[in-house]
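In our numbering, the protein residues as written are 585 to 956. Even for Gly, the Cβ is constructed at its ideal location relative to N, Cα and C.
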Amino acid sequence: MKLAIDLTWVKPKCNGGIESYIRNLLDGFTAREDLMEFVLVCARDNAETFEHYLEDTRFTMEICPISAFKVGKRILWHNLNFNKTLRKLGIENCFMPVYCKPLKKCKSIRYVTTIHDLQQLHFPEYFSLKRRLWMKFAWKRTVKTSDCVIAISQWVKNDIATNFGSKDTDIRVILNPIVVDHEKSSYEDIVSRFGIEDDKYYFCLSSMLKHKNIITAIKTVEKIVEAKLPFPNKLVIAGITEADENRIVKYIEEHNLKDYCVLTGFVSNEDRNALFAHSYAFLFPSVFEGFGMPVVEGLMLGSRVITTKCTSIPEVSEDKAVYVDDPYDVEEWIRKIKEVANIKREIHTFPQYEKSYVAGKYLEVFKDIFKE
């Protein structure tokens, strides 16, 4: 079976968890011995980052004359030329790791599409009216024209079914592959760069978008500082910076918290692992997640994890973390910080997130949907 995998959307080191998802899944395919032929359909400005997969003879590559970073032009090209490109290559089966498949159904090409969440429906304030209308239309068309939709959690499946599903919609749940290599930067290195001490800071790994609720973690540290509570009073926030970073920085500056809050921006996996390992606790205050990969990563790396009960988080973390009932209640966060002091660090295992296992689940779907 020949299968195209659309990678034209990948903006290297800019897509956050979704980029980790597809790279982990590709690694999972290579780790297996299934007789499949994979055609990686790339953009000209991201193809180099996928070339190492060509060492596996089951993989070939098609580079399209588009830029992953020029989203509008890419979407237009996709709708005008993507199906033509697949037909030219003799491909009848395509996997779309994100929702951006061509809007018009092509009878000669079958699609399996992953939808990670419906964020724009739940947080419309992030987006212009034009963007909201486009996304709603694109999701509706994706669900209608895909032969199968993959949801990354049961919560996401329910959300898709509620908003866009019908009795004929084939939606299946496959959890994300998660890879933690346990290699980490030296303690001395992160101490010198970030000005921290072992077990005396909290770690957050997140974007700055409002629903990530980073501001509550900052307010929690602020309360600890003001009340001189006997808990760590430093917060390290790592992740992709976005427009909302200005709001976060402004709050830190106006409340004189620059000595207590460190914004690292993007960090390597080695730095991330070290920051997990030496933190007092990993805080993940998000109120909306299609999956919530950092929570599972923290548990895999032996961190004490405090998070919320919102959306998919309890589902994917299997109730192995410590949870707040009210994600905005600073006093409750402080109570949970006190509680985890008595929790022994433990490396948790999640066999269902192993890359080869997850890749196998995808291959089962492909073989079912794309069977001759």
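Just grab the DSSP bridge partners of residue i for me.
i, result
"Val625", "Asp590, Glu646"
"Asn677", "Arg694"
"Leu789", "Ala822"
"Ile755", "Val733"
"Ile890", "Leu867, Val906"
"Ile849", "The question names Ile, but residue 849 in the sequence shown is Gly. Its beta-bridge partners are Ala822."
"Ile921", "Beta-bridge pairing links Ile921 to no other residue."
"Ile927", "Per DSSP, none; premise fails for Ile927."
"Ile699", "Ala735"
Would residue i pass as a contact of residue j if the rule is Cβ separation under 8 Å?
i, j, result
"Leu624", "Ile589", "yes"
"Thr896", "Phe875", "The amino acid at residue 896 is misidentified as Thr; the sequence shows Ser. Contact: yes."
"Thr697", "Tyr710", "no"
"Glu621", "Met585", "yes"
"Ala627", "Ser769", "no"
"Ile699", "Ile758", "no"
"Asn797", "Ser870", "yes"
"Lys922", "Phe815", "yes"
"Asn531", "Met877", "One cannot answer for residue 531 here, as it falls past the ends of the chain, which runs 585 to 956."
"Gln703", "Phe872", "yes"
"Val879", "Ala861", "no"
"Ile890", "Val924", "yes"
"Leu681", "Asn667", "The question names Leu, yet the displayed sequence has Pro at residue 681. Against a cut-off of 8 Å, the Cβ pair of Asn667 and Pro681 comes out as no contact."
"Lys818", "Tyr785", "yes"
"Thr848", "Val820", "yes"
"Phe748", "Val727", "yes"
"Ile774", "Asp843", "no"
"Phe707", "His795", "yes"
"Trp723", "Glu899", "no"
"Leu670", "Ile693", "yes"
For residue i, tell me which candidate among the options has the shortest Cα-Cα distance.
i, options, result
"Thr753", "Cys894, Asp731, Ile675, Leu867", "Asp731"
"Glu881", "Met645, Ile762, Lys586, Leu591", "Ile762"
"Arg919", "Leu813, Glu938, Arg929", "Leu813"
"Thr554", "Glu948, Lys784, Asp952, Ser940", "With the chain running from 585 to 956 in the structure shown, residue 554 is simply not present."
"Tyr695", "Asn677, Phe850, Pro681", "Asn677"
"Asp828", "Phe679, Ser790, Ser901", "Ser790"
"Arg831", "Tyr785, Met792, Ala722, Tyr864", "Met792"
"Cys690", "Arg725, Gly601, Asp843", "Arg725"
"Ile931", "Leu664, Ser887, Tyr937, Asn599", "Ser887"
"Ala943", "Ala722, Tyr605, Lys597", "Tyr605"
"Cys598", "Val655, Lys955, Thr641, Arg642", "Val655"
"Ala631", "Leu670, Arg642, Gly612, Leu591", "Leu591"
"Trp917", "Asn665, Leu947, Lys807", "Lys807"
"Ile836", "Pro898, Ile802, Asp783", "Ile802"
"Gly600", "Lys955, Ile953, Lys834, Ile824", "Ile824"
"Thr633", "Lys595, Ala735, Cys788", "Lys595"
"Thr933", "Lys951, Tyr946, Met884, Asp910", "Met884"
"Ala822", "Gly779, Ser852, Cys894", "Ser852"
"Cys788", "Ile675, Phe868, Glu938", "Phe868"
"Tyr946", "Lys834, Ile734, Leu619", "Ile734"
"Lys951", "Leu619, Glu603, Ile602", "Leu619"
Which term fits residue i, buried or exposed, when burial requires 16 or more other beta carbons within 10 angstroms of its beta carbon?
i, result
"Leu713", "exposed"
"Leu609", "buried"
"Asp701", "buried"
"Arg607", "buried"
"His766", "exposed"
"Ser776", "exposed"
"Thr892", "buried"
"Pro935", "exposed"
"Phe850", "exposed"
"His636", "exposed"
"Ser750", "exposed"
"Ser863", "buried"
"Ala811", "exposed"
"Ser901", "buried"
"Gly612", "buried"
"Glu781", "exposed"
"Lys741", "buried"
Tell me whether residue i counts as near the ligand MG, meaning its Cβ is closer than 7 Å to at least one heavy atom of that ligand.
i, result
"Asp952", "As far as ligands go, the structure on display features none, and thus does not contain the ligand MG."
List the whole-angstrom C-beta distance separating residue i from residue j, where the pair is believed to meet the contact cut-off of C-beta under 8 Å.
i, j, result
"Tyr912", "Thr729", "Wrong, their Cβ atoms sit about 39 Å apart, outside the cutoff."
"Thr804", "Val914", "5 Å"
"Trp661", "Ile650", "5 Å"
"Arg756", "Val949", "6 Å"
"Trp718", "Ala652", "At roughly 18 Å, the Cβ-Cβ gap does not stay under 8 Å, so Trp718 and Ala652 are not in contact."
"Leu587", "Phe721", "Rounded, the Cβ-Cβ distance is 27 Å, inconsistent with contact."
At the 8 Å Cβ level, is residue i part of the contact set with chain D, yes or no?
i, result
"Leu713", "Going by chain labels, chain D is absent from the structure shown, which holds only one protein chain."
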